[in-house]
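*Asks:*
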Amino acid sequence: MRNLMQLGKLALAGVFALSLVACGGSDKTEETAQASQKMATIHWKMVTTWPKNFPGLGTGAEALAKNIKQMSNGRLDIKVYAAGELVPALEVFDAVSRGTAEMGHAASYYWKGKVPAAQFFTTVPFGLTAQEFNAWIAFGGGQALWEEVYAPFNLIPMPAGNPGVQMGGWFNKEINSLEDFQGLKMRMPGLGGEVLKKVGATPVNLPGSELFTALQTGTIDATEWVGPYNDLAFGLYKAAKYYYYPGWHEPGSAVEAIFNKDAFEALPDDLQAIVRAAVKQANLDMLSEFTARNNAALQTLLEEHNVALKAFPSDLLLALKQASFETLQEVAANDPQSEKVYQSFKTFLNSVSKWHDVSERAFINARAAE
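Residue numbers for the sequence shown follow this note's numbering, so the first one is 570 and each next one is one higher.
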């Protein structure tokens with residue numbers, strides 16, 4: 570009897586041990602599956618509104634994709650398509666919205682015909698600078714509003730770069746007064762284009778790849794693009810002689826990274842965090858690059874290509890500023906969503922301007938004093 574009891578105990582112990590091994594094997598299998606899932610490569614497409622390898626903007630998209638791949642140890646691999654390679658430049662929004670591509674790299678004011686409030690998330694004439702825009706987005710409620718505006722389109726937006734204050738543009742004639750804007754055909758998207766209408770000019774919305782030919786052939790009389798770094802690369806000095814400042818229409822033009830919401834939320838949490846971190850880095854890097862490179866490019870334009878650098882007349886700037894105020898009021902009055910965004914934007918602009926009057930502006934004026 571004793572031997573039978575001992576045998577029974579041994580049998581039970583064996584069963585218990587086997588169950589532990591089985592459980593352990595199950596845990597290891599689950600861990601292996603999770604590890605395999607983490608190491609699996611996810612392939613995305615990024616469509617952009619920029620020409621291939623275009624300095625600052627096009628290369629910024631490429632750098633962002635590269636950084637995401639490196640930071641994720643190759644788990645998220647993004648192929649970048651320049652404007653026209655997969656979809657036309659001005660169809661990026663729709664392509665990402667419907668999932669043709671998981672990601673886009675563009676400027677939100679291109680979508681004003683689809684969603685008027687989007688314009689506020691690129692730039693506003695006489696509005697926020699790049700530094701101020703980033704502050705509004707991150708700490709002034711701008712990001713929540715941006716996401717609210719894009720939500721019906723299944724998109725998640727993030728700021729992914731900014732060239733800073735732009736130039737006023739290239740003109741094939743001198744601008745000495747407000748009258749010189751009458752009948753002028755000028756490439757200018759977004760809210761700036763609406764302002765042009767109020768002062769008698771005709772805005773034309775063209776992607777960057779078409780600007781040189783349009784200016785050279787007389788399809789347009791003037792164009793703005795970005796600033797010396799990009800304008801030099803486009804060779805715009807070959808098509809127009811006069812280069813005007815300041816860029817009243819784009820004091821800080823945010824580049825956006827937009828994500829198909831379903832694709833983004835399907836990523837594991839750590840990859841979502843990596844993407845957000847990479848986009849934040851890209852946002853800082855682009856502003857730093859343009860700040861560093863614009864001056865050298867301007868000197869090249871002036872000294873090697875004999876470009877005529879000119880300031881807009883003060884009376885013209887005052888007229889443009891008044892027209893800008895009227896345009897913003899009208900856009901807000903005609904669209905409840907734009908009204909909501911505009912009120913947030915305006916409140917932040919008024920507040921930050923008071924601070925910068927005694928900080929940034931006061932210091933720059935003091936530094937320039939002789």
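A virtual CB, placed ideally from N, CA and C, is assigned to each residue, including glycine.
Treat the numbers as computed from the prediction; the structure is a model and nothing was measured.
Evaluate contact between the region 649–664 and the region 796–814, counting only Cβ atoms and requiring at least three cross-stretch pairs below 8 Å.
*Replies:* no
*Asks:* Spell out the partners DSSP gives Gly-738 in its beta bridges.
*Replies:* Tyr-813
*Asks:* Using the rule of at least 16 other Cβ atoms within 10 Å of the residue's Cβ for burial, across every protein chain shown, is Gln-688 buried or exposed?
*Replies:* buried
*Asks:* Could you give the distance in angstroms between the alpha-carbon of Lys-683 and the alpha-carbon of Lys-635?
*Replies:* Taking the straight line joining both Cα atoms gives about 31 Å.
*Asks:* Which residue or residues does DSSP assign as beta-bridge partners of Ile-611?
*Replies:* Leu-645
*Asks:* Where does Pro-905 sit, in a helix, a strand or coil, going by DSSP?
*Replies:* helix
*Asks:* Looking at the unbroken beta strand (DSSP E) that takes in Met-755, where does it start and where does it end?
*Replies:* 754–756
*Asks:* With burial defined as no fewer than 16 other Cβ atoms inside 10 Å of the residue's Cβ, what is the status of Thr-782: buried or exposed?
*Replies:* Under this definition Thr-782 is an exposed residue.
*Asks:* So what does Asn-829 bridge to, in DSSP terms?
*Replies:* Leu-724
*Asks:* Would you check if the distance between the CB atom of Gly-625 and the CB atom of Tyr-798 is smaller than 7 Å?
*Replies:* yes
*Asks:* Ala-865: buried (16+ other C-beta within 10 angstroms of its C-beta) or exposed?
*Replies:* exposed
*Asks:* Under 8 Å: do the region 834–848 and the region 856–870 share three or more Cβ pairs, one atom per stretch?
*Replies:* no
*Asks:* With DSSP as the reference, label Ala-791 as helix, strand or coil.
*Replies:* Reduced to three states, the DSSP call for Ala-791 is strand.
*Asks:* What residue from Ile-933, Glu-793 and Leu-801 has the CA that sits closest to Glu-873's CA?
*Replies:* Leu-801
*Asks:* Give the range of the beta strand (DSSP E) segment to which Thr-771 is assigned.
*Replies:* 771–773
*Asks:* Identify whether His-674 lies in helix, strand or coil by the three-state DSSP scheme.
*Replies:* strand
*Asks:* Does DSSP put Gly-730 in a helix, in a strand, or in coil?
*Replies:* Note: Gly-730 maps to strand in three-state DSSP.
*Asks:* Which runs of the alpha helix (DSSP H) at least 4 residues long sit entirely within the region 832–907? Give them in chain order.
*Replies:* 838–873 and 883–903
*Asks:* Between the C-alpha atoms of Val-590 and Arg-644, what's the straight-line distance to the nearest angstrom?
*Replies:* A caution first: Val-590 carries a pLDDT of 40, below 50, which makes its placement in the model unreliable, though a value can still be read off. About 32 Å.
*Asks:* To which residues of the same chain is Phe-722 closer than 6 Å at the C-beta, ignoring the five residues directly before and after it?
*Replies:* Ser-666
*Asks:* Which residues in the same chain have their Cβ closer than 6 Å to the Cβ of Pro-726, if we skip the five residues on either side of it in sequence?
*Replies:* Residues of the same chain with a CB within less than 6 Å of the CB of Pro-726, apart from the 5 flanking positions on each side, are Trp-715, Tyr-719, Glu-825 and Ile-827 in chain order.
*Asks:* Suppose you measure from the CA of Ile-611 to the CA of Gln-639; what does that come to, to the nearest Å?
*Replies:* 13 Å
*Asks:* Cα separation between Phe-585 and Gly-710?
*Replies:* Because Phe-585 sits at a pLDDT of 39, beneath the cut-off of 50, its placement in the model cannot be relied upon, and the following sentence gives the value as read from the coordinates. Going from the Cα of Phe-585 to the Cα of Gly-710 covers about 59 Å.
*Asks:* So does Gly-627 have its beta carbon nearer than 6 Å to some heavy atom of the ligand FAD?
*Replies:* The model on display carries no ligand, and the ligand FAD is accordingly not part of it.
*Asks:* Rounded to the nearest angstrom, how far is the Cβ of Asn-774 from that of Gly-762, given a contact under 8 Å?
*Replies:* 7 Å
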